[in-house]
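Visitor:
2 protein chains.
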Amino acid sequence: MPLNTQVLKVLRYFIKYRYLVLRPDLIFCSSLLCVCWTGCRHVSKAAPQAQMEWDYDGPCMKTAVPGPRSMRLKQLGEIQNVDAINFFCNYEESRGNYLVDVDGNRMLDVYTQISSIPIGYNHPALHKLMADPNNLSTFVNRPALGILPPGNFADKLAESLLSVAPSGMTRVQTMACGSCSNENAYKAMFIAYRVSNRERGPGGPTQEDLRSCLINQEPGCPDLSILSFMGGFHGRTMGCLATTHSKAIHKLDIPSLDWPIAPFPRLQYPLEEFTRDNAAEEARCLEEVEDLIMQWRQKGRPVAGIVVEPIQAEGGDNHASADFFKSLRNIARKHGCAFHVDEVQTGGGCTGKFWAHEHWGSDDPADIVSFSKKLLTGGYYHKTDLQGYRIFNTWMGDPSKNLFLVEVLNVIRRENLLEEVTRSGKALLQGLYALQEQYPGLLSRARGQGTFCAIDIRDDPTRSKILLKARDKGVLMGGCGERSIRFRPALIFKEYHVALFLNIFNDVLAEFK
Amino acid sequence: MPLNTQVLKVLRYFIKYRYLVLRPDLIFCSSLLCVCWTGCRHVSKAAPQAQMEWDYDGPCMKTAVPGPRSMRLKQLGEIQNVDAINFFCNYEESRGNYLVDVDGNRMLDVYTQISSIPIGYNHPALHKLMADPNNLSTFVNRPALGILPPGNFADKLAESLLSVAPSGMTRVQTMACGSCSNENAYKAMFIAYRVSNRERGPGGPTQEDLRSCLINQEPGCPDLSILSFMGGFHGRTMGCLATTHSKAIHKLDIPSLDWPIAPFPRLQYPLEEFTRDNAAEEARCLEEVEDLIMQWRQKGRPVAGIVVEPIQAEGGDNHASADFFKSLRNIARKHGCAFHVDEVQTGGGCTGKFWAHEHWGSDDPADIVSFSKKLLTGGYYHKTDLQGYRIFNTWMGDPSKNLFLVEVLNVIRRENLLEEVTRSGKALLQGLYALQEQYPGLLSRARGQGTFCAIDIRDDPTRSKILLKARDKGVLMGGCGERSIRFRPALIFKEYHVALFLNIFNDVLAEFK
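In order, the protein sequence lines correspond to chains A and B.
Sequential numbering of the first sequence, starting at 193, is according to my numbering.
Sequential numbering of the second sequence, starting at 193, is according to my numbering.
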């Protein structure tokens, strides 16, 4: 076949699939661009200074939500429970901060798939990664990472997870999701407790240990516990669920474990106006933590680890001070319990720092930090003495997610997204303060760090109505706790998105005055 | 830019990235083809009748394993525990039944990443999928499936998982991995037990239920149990782990639950030679199951579900008869327990039927069938009355894995892989029988269904030596149970691969005579 014929064949293919590459460093998905040979509508030039040109310029609502097409797709109910489904999405057409549904409605997304889309929809950097043929094998051949990792695995971990490792941590274990991350982190804490507390003699496990553990009995399966907090959420598999206490619906009918549950501080907001009361409340909770550790030791069910979120998310965006967490970490150390900070929802930059615990200003914040959601892969960091030994499953993560994470971190650095989040977060919180002053009977307790903000609504039914009204006007938000609305935008949520959001939110609230 | 210049630019890009598309229906990754303009070495023509031309023609060993490059990569030990790592892989160069390591050693893979690579490495059908720009958005934007699924989600479920649904099941819930699948299946059984057994009055949960469950207490968190079998393996998160009883190392130091554990039949092989003894052994185990259900009810910890593998895999490839499983299913029904068949390792075609339970010939084999590994996504099928209500997490699977699964199933159908597996499996088992006759002191208990085969070795140390020797000769196998070797090739393992394998295995065994 002569070269020219071959050239034309290649081009015909790309025209057929509407897939165009103009420059090696710029890959555009056809769904983001309307490509034709006579006139290209350039939605993006992908230059750093204009990176957000690929975003849409505002919401655009065409039908009620869910619209007729979404309603028809509810036939999914024949296959799965669809009670929690809001509507069906067109992810090809979604971009940046905007989620598009199958009816063509374009919504400013301040919830981002329960806080799990780090740099918006269809970011060009991620499409570029997919267009590199060197990356395809990583998607196609999922390895059993614990026995047969790819040659570049350590490098990819170094470029991705280790490049943002919490202070004092040089070791990381990937997992498939947030629940598996916490489950395995708990196991690491149990194993460490038995080893470091010298419960076991120098000879390793006894025959009795090995025999009894196979049938779920002591001493092989020891009666140890994890201390958690009321209002905490750490996942919904059985180990995690025993430490989750945010909503009854998560736990009802599922057998659980008799593990200690401490009160989490119920602070008054704005925090800076109630420092004395809040400090007293935190002291009360810390005292209770120590009491519980003593009680459970006496029960013969010692606390191997303490698990806590830097901001209780599902439980209603409950904050606590840096002093609270540092004291808690000291209590853990004093009693020989591992300290596990669950950053599944708070990690990845949304508080203005990559990890929420960085706001504590501690060099030694934790023994374990778990993550998922915005990190795209689950997993946990741990200190050297919490060996990953005996932590194993078939996949142990997914290297294709590490590839994406490398790019996400590059974008965060290149576009200074943590600074952007800090700036947008300040604007958002100021806006919420102004609104709660304007609607005092309706709104209260505005609070937040970075764009990880929340506000309380008068009552749960009103909250539901507000969420639906806002959606009809093109803003997608989520609830948390008993009557809070939480804001979980992507890291590319800029000040002008804040302004846009506040305008629409104000319009909605005006109807409830 | 004139058209010709644009054409050349596009071509230059593809030459630079060594990525060539010759026909829209054939996509070859550069790593599979040595592409140049003057002479193409066609490894594959991808025609159905020659589908295996993309496979290599045999093992090729260049160094000891792990080789020098793998040894250097063990620096990963600074980041993670590497005790279980065999060597590091070059997944770009791996193809079909052959895994290539970073030292260029090419091994016939009869273990396939703990049985999780369905149609071999770098199958052209999966690369083709990745080259379709319409699919990219599914990889780039991972949705929260439980609230905002993509518009094509029901269609993709229908094309993939529902097209191979077990008899009597029309509902399926995806999950990220095998452990999460079983954890959530157990939860579904607990919830169903409380609802279907009318433990709860018509008014739904009481205030006491809602209050007590938040603090892990009865009646909200009821004292229910799952009955499992000695030697069973169902995952390593805490709920799953309470039903796993294959190796002490999985369970040591992890707190567990007092749930009933029944004996699994220890049959004699070949099964057809010991029908009477085996039937007596199975009857004994079934009797024990009923006793345990009664005992645990009396304890106030009733059995909500029974979980069992169609062939105990990790526990040593322990088989039981169709009659055993059908009786077990009847016992479950009689006592109001759900019946959960865990097909995480047996599912996906390796027994010669898509699900191992199909060998039972039952129209109503189970209430729940869970899967992962070869299915590429985790999840579980369930009967209509086991509603998925309250089963939820952020991701609930990954639609990009469903895309791959559609293609895997197409390949299985197009290439009649279940028939191939039956054929290869017969050849493999006959070969194992011949070898165990040839090496009576060394080998025993050859057994299998399809290519899901195993054989026992004299003792554990000899097994370890055989596995290493075989690897040095270019065959990768895995162990299971106390002294078994298990065979878990991909579905594209043909009769000539069996012959190749048996030759090498024979050479290895000769050294141990």
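C-beta atoms are modelled at their ideal positions from N, C-alpha and C, and glycine is treated no differently.
Values in this document were obtained by computation on a predicted structure and should not be read as measured data.
Assign Ser656(B) to buried or exposed, taking buried as 16 or more other Cβ atoms, counted over all protein chains shown, within 10 Å of its Cβ.
Guide: The residue in question, Ser656(B), is exposed, as its Cβ has fewer than 16 Cβ neighbours within 10 Å.
Visitor: What is the DSSP secondary structure of Gln537(B), counted as helix, strand or coil?
Guide: Gln537(B): coil per DSSP, three-state reduction.
Visitor: With distances taken from CA atoms, which of Asp415(B), Ile407(B) and Ala368(B) is nearest Ile383(B)?
Guide: Minimum Cα distance to Ile383(B) is reached at Asp415(B).
Visitor: Ignoring anything shorter than 3 residues, give me the beta strand (DSSP E) runs that lie fully in the region 525–573 of chain A, in order along the chain.
Guide: Fully enclosed beta strand (DSSP E) runs of 3 or longer: 530–534 and 560–563.
Visitor: With a cut-off of 8 Å, does the C-beta of Asp445(A) fall near any C-beta of chain B?
Guide: Taking Cβ atoms only, chain B reaches closer than 8 Å to Asp445(A), which makes this a yes.
Visitor: Buried or exposed for Cys252(B), going by 16 or more other Cβ atoms inside 10 Å?
Guide: Exposed.
Visitor: If we define contact as Cβ-Cβ less than 8 Å, is Leu487(A) a contact residue for chain B?
Guide: The amino acid occupying residue 487(A) in the given sequence is Gln; Leu does not appear at that position. Cβ-Cβ to chain B under 8 Å: no for Gln487(A).
Visitor: With 8 Å as the threshold, decide whether the Cβ of Thr398(A) is near any Cβ in chain B.
Guide: Chain B, which has no Cβ nearer than 8 Å to the Cβ of Thr398(A), makes this no.
Visitor: Can you tell me whether Gln409(B) is helix, strand or coil according to DSSP?
Guide: It is coil, neither helix nor strand.
Visitor: Glu465(B) to Ser420(B), Cα distance in whole Å?
Guide: Spanning the two alpha carbons is a distance of roughly 28 Å.
Visitor: Whose Cβ in chain B lies nearer than 8 Å to the Cβ of Asn714(A)?
Guide: The first residue shown for chain A is 193 and the last is 705, placing residue 714(A) beyond what the model contains.
Visitor: How is the beta strand (DSSP E) around Val613(B) delimited, first residue to last?
Guide: Where Val613(B) is concerned, there is no enclosing beta strand (DSSP E), although the alpha helix (DSSP H) it sits in stretches over Leu609 to Gln630.
Visitor: DSSP three-state call for Tyr303(B): helix, strand or coil?
Guide: The answer is coil: DSSP assigns Tyr303(B) none of H, G, I, E or B.
Visitor: Closest by CA to Thr543(A), which one among Arg678(A), Phe280(A) and Gly338(A)?
Guide: When only C-alpha atoms are compared, the closest one is Arg678(A).
Visitor: List in chain order: all unbroken beta strand (DSSP E) runs of 3+ residues lying wholly within the region 283–366 of chain B.
Guide: For the region 283–366 of chain B, whole beta strand (DSSP E) runs of length 3 or above, ordered along the chain, are 290–292 and 298–301.
Visitor: How close, in whole Å, do the beta carbons of Ile604(A) and Gly312(A) come, if the pair is a contact with beta carbons under 8 Å?
Guide: Not confirmed; about 12 Å, so no contact.
Visitor: Let me check one thing: in DSSP terms, what residues is Arg639(B) bridge-paired to?
Guide: Ala646(B), per the DSSP bridge assignment.
Visitor: Shorter than 8 Å from the beta carbon of Tyr573(B) to some beta carbon of chain A?
Guide: Tyr573(B) does not count as touching chain A.
Visitor: Can you name the start and end residues of the alpha helix (DSSP H) that Gly431(B) belongs to?
Guide: Residues Met430 to Leu433.
Visitor: Give the DSSP bridge partners of Val495(A), in chain order.
Guide: In the DSSP output, where bridge partners are listed per residue, Val495(A) has Ser417(A).
Visitor: State buried or exposed for Ile441(B), treating a residue as buried only when at least 16 other CB atoms are found within 10 Å of its CB.
Guide: Result: exposed.
Visitor: The alpha helix (DSSP H) spanning Ile441(B) covers which residue range?
Guide: Ile441(B) -> alpha helix (DSSP H) spans Ala440 to Lys443.
Visitor: Would Gly707(A) pass as a contact of Asn344(B) if the rule is Cβ separation under 8 Å?
Guide: Given a span of 193 to 705 for chain A in the structure shown, any question on residue 707(A) remains unanswerable.
Visitor: Going by DSSP, what residue range makes up the beta strand (DSSP E) through Arg680(A)?
Guide: Taken as a continuous stretch (DSSP letters only), Arg680(A) belongs to no beta strand (DSSP E), as it is neither H nor E.
Visitor: Going by CA-CA distance only, name the one from Met263(B), Phe279(B), Ser352(B) and Arg287(B) that's closest to Leu568(B).
Guide: The shortest Cα separation from Leu568(B) among Met263(B), Phe279(B), Ser352(B) and Arg287(B) belongs to Ser352(B).
Visitor: From what residue to what residue does the alpha helix (DSSP H) around Cys477(A) run?
Guide: It spans Thr467 to Gln490 - the alpha helix (DSSP H) in which Cys477(A) sits, taken as one unbroken run.
Visitor: Could you work out which residue in Val690(A), Tyr581(A), Ile309(A) and Ser592(A) is closest to Phe331(A) when comparing CA atoms only?
Guide: For Phe331(A), the nearest C-alpha among the options comes from Ser592(A).
Visitor: Between the region 292–303 of chain A and the region 358–368 of chain B, can you find at least three pairs of beta-carbon atoms closer than 8 Å?
Guide: Contact between the region 358–368 of chain B and the region 292–303 of chain A is absent, because fewer than three Cβ pairs lie under 8 Å.
Visitor: Output, in chain order, the set of chain D residues within a Cβ distance shorter than 9 Å of Gly370(B).
Guide: Absence of chain D from the displayed structure is noted, the protein chains being A and B.
Visitor: Please state the DSSP three-state secondary structure of Gln133(A).
Guide: Chain A is shown only over 193 to 705; residue 133(A) falls outside these bounds and no answer can be derived.
Visitor: How many whole angstroms separate the CB atoms of Cys372(B) and Gly570(B), which I take to be in contact at a CB cut-off of 8 Å?
Guide: Contact flag correct, Cβ pair sits at about 6 Å.
Visitor: What is the DSSP secondary structure of Val387(B), reduced to helix, strand or coil?
Guide: Note: Val387(B) maps to helix in three-state DSSP.
Visitor: I think Val481(B) touches Leu520(B), with their Cβ atoms under 8 Å apart; what is that distance to the nearest whole Å?
Guide: Confirmed, Cβ separation roughly 7 Å.
Visitor: Let me confirm a value: Asp295(A) is counted as buried when at least 16 other C-beta atoms fall within 10 Å, else exposed. Which label applies?
Guide: Burial call: buried.
Visitor: In whole angstroms, what is the alpha-carbon distance linking Met422(B) and Ser513(B)?
Guide: Roughly 17 Å separates the two Cα atoms.
Visitor: Identify which residue in Thr467(B), Gly589(B) and Glu535(B) has its Cα closest to the Cα of Gln272(A).
Guide: Here the closest residue by C-alpha is Gly589(B).
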